[in-house]
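Chemist:
In our numbering, the protein residues as written are 210 to 408.
(1) Count the C-beta pairs between the segment 394–407 and the segment 347–362 that are closer than 8 Å, then say yes if the count reaches three, no if not.
(2) Apart from the five residues on each side of it in sequence, which residues of its chain come closer than 8 Å, Cβ to Cβ, to residue 339?
(3) Taking contact to mean at least 3 C-beta pairs separated by less than 8 Å, is the segment 373–389 in contact with the segment 343–353?
(4) Using C-beta distances below 7 Å, list every residue in its chain close to residue 327, excluding the 5 sequence neighbours before and after it, in chain order.
(5) Assuming contact is defined by CB atoms lying nearer than 8 Å, are residue 374 and residue 388 in contact in what I supplied?
(6) Go to residue 350, then tell me how far its beta strand (DSSP E) extends in each direction, as first and last residue.
(7) For a test of the three-state rule: what should DSSP assign to residue 391, helix, strand or coil?
(8) Shortest alpha-carbon distance to residue 397 belongs to which of 273, 336, 325 and 274?
(9) Assuming residue 343 contacts residue 273 (C-beta within less than 8 Å), just tell me the rounded distance between them.
(10) Within the same chain, show all residues whose beta-carbon is closer than 6 Å to that of residue 370, passing over the 5 residues directly before and after it, in chain order.
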């Protein structure tokens, strides 16, 4: 949703809106956001995230291709690039239609064995407050390390069936994290979305 009109001033850390759940608000089944930079807001024509207007230090040069940077890795202060040349995103090639495959069983989630393991791969962990991030997979200890909050000041939540399951690394009573430990007994799957709170 968009609570702000064009030309509205915003500040770092300010809530800009919410992302609609899968299949709602015309998002074609993929929750996502759109960002645009307008110089002075005069014409409404967006500028590329390039030159003086990089997005968290990553260049996204101008292109006429729709959704050219869909899925491009972002380098933030809390993670590292996992593909492509550092500091420049490359447009994603478009896929062509292929026959749809139907599976008869749901495969178990996989834990990363790649460069994303143990890293925050999307979003930025704010050292004060709450952040929405995506974890590249791994153990709970790797999650704590990747978030960079420290064991004594971090709390993590994921949603399962519409309810929150939390993890407090500094908990002294094992029952506090029992549900988390059972849920992620073999590790946290690749690209697990979660809420992080650093104090």
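Ideal placement from N, C-alpha and C gives every residue a C-beta, glycine not left out.
Every value quoted in this text rests on a predicted model; they were computed, and no experiment measured them.
Modeler: Quick answer:
(1) yes
(2) By 1-based counting over the chain shown, the position of residue 339 is 130. Answer for residue 339: 404, 405 and 406, listed in chain order.
(3) yes
(4) One-based indexing of the chain shown puts residue 327 at position 118. Excluding residues within five positions, the ones whose Cβ falls inside 7 Å are 345, 347, 351, 354 and 355.
(5) What you label residue 374 is simply residue 165 of the chain shown in a count that begins at 1. What you label residue 388 is simply residue 179 of the chain shown in a count that begins at 1. Result yes, Cβ atoms of residue 374 and residue 388 sit closer than 8 Å.
(6) As a position in the chain shown, residue 350 is number 141, starting the count at 1. Per DSSP, residue 350 belongs to no beta strand (DSSP E); it is in the alpha helix (DSSP H), 349–356.
(7) Here residue 391 refers to the residue found at position 182 of the chain shown. Residue state, collapsed to three classes: helix.
(8) Reading the chain shown from its first residue, position 188 is the one you call residue 397. Per the Cα distances, 325.
(9) In the chain shown, counting from the first residue as 1, residue 343 sits at position 134. In the chain shown, counting from the first residue as 1, residue 273 sits at position 64. That belief does not hold up - the Cβ atoms of residue 343 and residue 273 are roughly 29 Å apart, past 8 Å.
(10) Working through the chain shown from its first residue, we reach residue 370 at position 161. Nothing meets the Cβ criterion.
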